Amino acid sequence: MFQNPEIPLEELPTAVDLNWHALDPTYIKLLRLQLGLFIIIPLVVITFVTREAGAEMPYLLIPYGILAAIAIWLYVFAAISVRHCGYVLRDKDMLFKKGVIWQSVVAVPFNRIQHVETSNTPFDRRFGLASLKLFTAGGSGGDLKIDGLPANTAEQLRLHILEKTGADIEDA
Amino acid sequence: MKTLDDGGWHRTSPWAILFFAAKIIKFFVNNAWQALAPLFAYVYASQQDVVTSLIIGGIAALIGLVVFSVLSYLMFRFRVGQNSIFIREGVLKKTQLDIKFERIQGINTKQNPVYRALKLVTVSFDTAGSAGSEGNLPAVTREFADSIRQRVSTVEKVTEDVEPTTDADIADLPPLLQLDWRDMIRIGLADRRALIVFAFIGGTFEQFQDTYESWIMAFATRMFASGADITAVQGVTVFVAIASVVVLIFVLLSVGAAFLRYHNYALYLDGRRLRSVGGLFTRHEHSMDLEKIQTLRLNQGIVQRWLRRYRLTARQAKSSDHNRASKSFDIPVVNDAQSDELRAILQVPEGGRLTQVPRDPSFQPVSAFYMRSILLYAGAFPALLAMLVTWPVVGARALIVFLWLVPVSLVAYRRWKRAGYLHDDEEIVRRSGFLGYRTSGLLFRKVQRVTIKQSRYQRRKGLATLRMQMASGGIYIPYIPQDVAMRLRDYILYKVESSTKAWH
């Protein structure tokens, strides 16, 4: 029943040792700006709660200290995580890697892409960035989303991938 | 908007503002907690009375809604090209969406009462399997919707659908599988609902033992009073008997349900289409094209293990409409040999040579470090957290939470023992389970995306987790050697990218 014929694996194109393209470094700035805006919420909450509770000075250091530590960590982590991201455009697929502790590499073959989307938020536009999203079948869990691309690169990628999708496929 | 071919940018009818307003409201309802938090903060912080605050907040929300809806409408533009439809939208977050006609599987139209009065419809495009953002064209005329539908259908190539045969023809086909009355009993016994009732009675019996005892005593006392001679032991016996009868009734009910649903069940292969017929009063007919199968799943629960039977499910791509359930074709009972035979038929011409029977010795194990990850994330971390939280209250007794590690170790061991995979050059089968077994098989060429994931620890040990995303959902193989995962990934990409066949 079970057969396992040998496959000439050496002849397959490999996705190891590729020239990864980095994300736009300004994306780090954007992440930090978002972090700065986000941190306002817990800051307001802490100020409000400690004032209501009438907390005094040495104890006040605890929540603010924790918040500051988290903020500093996220500030540093933004740069580390962006540096760990990268993408490769190949003839028949696109690969994207991300993650510092849990690293992952997603490969999306062009002949499985349903549609392509670029989007940019007001922050993105301020920094000249955009996101590229590749949709395949099978749930949103892993639709490939690449944030922090230069806006014109995202547009070029979109057009290029669009041209590549759907080629050489028979209809069901 | 009258013609499709002018190639220019179009806006939809201003009534689309209603659509956008509904969308915004829906967004806020879905994210109610986050959306309402600032409102509550505002109400709490402001010194005015609650009613005034709510009125002011409500008015602000209403103004925001109207402004946003109008802007959404103004920003929404679309263009119908020769082969695709291009949508631009978004107020703050701007989005460009291309939908190729050949990707569109269905065009759905919806009408709310206002649109019905205005003879407008909202068109949504059903693209195979993608659960992501589907395109919507709100508030367009029905003629326009029809013309788009026509345009898309002309692009679609002629499908080579086998004409469905009639009932008379099906009788001529040799059945692949037929179920008899014994199988009905097996289906009934394996029905989870019977098991749940059983577990529930067992659970409540332990929980409310005292209550039961007092009932039994009361029952016994009454028996005494009526002159019957009965001891407490006999009372318990009576109670157990009653509980057993209840369980038996539920088992009988599920066996009855199995007869209703599957009586005279037969499975046929009609060209390249799988068909099943069965049922006592209502004849249930199902069919599925073999090409549409994404994954084959063989399931064995505890009862089924004891019966040495499985449930075989052929899973189709998830639909992108709102009930995100994946469509599937169920074969309720098969044994080892039947599962292999059916598998060989369902996965031809390319696959079907592998077995999905979980106890097959050809399954390769995954690394034992897999147990460590379960122990760590489901055992040690939660236990440590629980201990830290409870320590200030109960002191050293908090250490008792580490007993949690005992069941988790058991689970980790069982899950590792059951995890496994086997593959040939066309397909791969993944085995998993805790009490029972589950094996999922798929053809490499139908994979949608491949991901390799590694934690720091996995990298150190040269291990990786391979995830294959199918249109019917993801299948992952945890903790296999890194080089095997990478070779498999490269091979899957090669199979997918060199395949010219449709995956759905």
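Listed in order, the protein sequences are those of chains V and W. In terms of the working numbering, the first sequence is residues 1 to 172. In terms of the working numbering, the second sequence is residues 1 to 504. Cβ coordinates follow ideal geometry from the N, Cα and C atoms, glycine included. Here the structure is a predicted model, which means the values were calculated and not measured.
Item: Members of the segment 112-124 of chain V near chain W, C-beta cut-off 7 Å; Value: Arg112, Gln114, His115, Val116, Glu117, Thr118, Ser119, Asn120, Thr121, Pro122
Item: Where aspartate 172 of chain W falls, given that 16 or more other Cβ within 10 Å makes a residue buried; Value: exposed
Item: Rounded separation between leucine 30 of chain V and isoleucine 99 of chain W - CA only; Value: 30 Å
Item: Any C-beta of chain W under 8 Å from that of tryptophan 102 of chain V; Value: yes
Item: Min CB distance leucine 144 of chain V to chain W below 8 Å; Value: yes
Item: Beta carbon proximity, isoleucine 452 of chain W to chain V, threshold 8 Å; Value: yes
Item: Test: isoleucine 17 of chain W CB closer than 8 Å to a CB of chain V; Value: no
Item: Selection from W/Ala61, W/Glu89, W/Ile55, W/Gly58 that minimises the alpha carbon distance to leucine 71 of chain W; Value: W/Glu89
Item: Distance between arginine 158 of chain V and arginine 116 of chain W (C-alpha atoms, nearest Å); Value: 37 Å
Item: Identity of the residue in W/Ala412, W/Asp270, W/Trp503 nearest leucine 443 of chain W by Cα; Value: W/Trp503
Item: Proximity of leucine 35 of chain V and leucine 74 of chain V at Cβ, strictly below 8 Å; Value: yes
Item: Rounded separation between valine 100 of chain V and alanine 485 of chain W - CA only; Value: 19 Å
Item: Cβ-Cβ distance between leucine 179 of chain W and valine 333 of chain W below 8 Å; Value: yes
Item: Run of the alpha helix (DSSP H) containing alanine 505 of chain W, from where it starts to where it stops; Value: No statement about residue 505 of chain W is possible, as the shown extent of chain W runs from 1 to 504 and does not include it.
Item: Coil, strand or helix - aspartate 49 of chain W by DSSP; Value: coil
Item: Cβ pair count under 8 Å reaching 3, the segment 413-422 of chain W against the segment 357-371 of chain W; Value: yes
Item: Alanine 257 of chain W and glycine 351 of chain W closer than 8 Å at C-beta; Value: no
Item: CB contact below 8 Å: glycine 81 of chain W versus chain V; Value: no
Item: N-terminal and C-terminal residue of the beta strand (DSSP E) that threonine 465 of chain W is part of; Value: 463-470
Item: Closer than 7 Å: tyrosine 75 of chain V CB and nearest the ligand MG heavy atom; Value: The ligand MG is not among the ligands present in this structure, which contains no ligands whatsoever.
Item: Reduced DSSP category for valine 447 of chain W - H, G, I as helix; E, B as strand; rest coil; Value: coil
Item: N-terminal and C-terminal residue of the alpha helix (DSSP H) that aspartate 124 of chain V is part of; Value: 122-127
Item: 8 Å Cβ cutoff, glutamine 469 of chain W in contact with chain V; Value: yes
Item: Inter-stretch contact (C-beta, 8 Å, three-pair minimum) for the segment 428-435 of chain W and the segment 275-294 of chain W; Value: no
Item: Cutoff 8 Å; reference phenylalanine 110 of chain V; Cβ partners in own chain excluding five residues on either side; Value: Lys92, Asp93, Met94, Ile161, Lys164, Thr165, Ala167
Item: Within chain W, partners of aspartate 174 of chain V - CB distance below 7 Å; Value: There is no way to answer for residue 174 of chain V, as the model of chain V reaches only from 1 to 172.
Item: Collapsed DSSP secondary structure at lysine 110 of chain W in the structure displayed; Value: strand
Item: Residues of its chain near proline 42 of chain V, where Cβ-Cβ distance is below 8 Å and the 5 sequence neighbours each way are ignored; Value: Leu67
Item: Cβ of arginine 456 of chain W within 8 Å of any chain V Cβ; Value: yes
Item: Classification of valine 16 of chain V by the beta-carbon crowding that lies within 10 angstroms, buried from 16 upward; Value: exposed
Item: Any C-beta of chain W under 8 Å from that of alanine 137 of chain V; Value: yes
Item: Per DSSP, cross-strand counterpart(s) of asparagine 136 of chain W; Value: W/Ser124
Item: Lysine 16 of chain V at chain W interface by Cβ criterion, 8 Å; Value: Looking at the sequence itself, residue 16 of chain V is valine, so the reference to lysine does not match. Closer than 8 Å: yes.
Item: Test: isoleucine 85 of chain W CB closer than 8 Å to a CB of chain V; Value: no
Item: Any chain V beta carbon closer than 8 Å to methionine 486 of chain W; Value: yes
Item: For alanine 337 of chain W, the three-state DSSP class (helix, strand or coil); Value: helix
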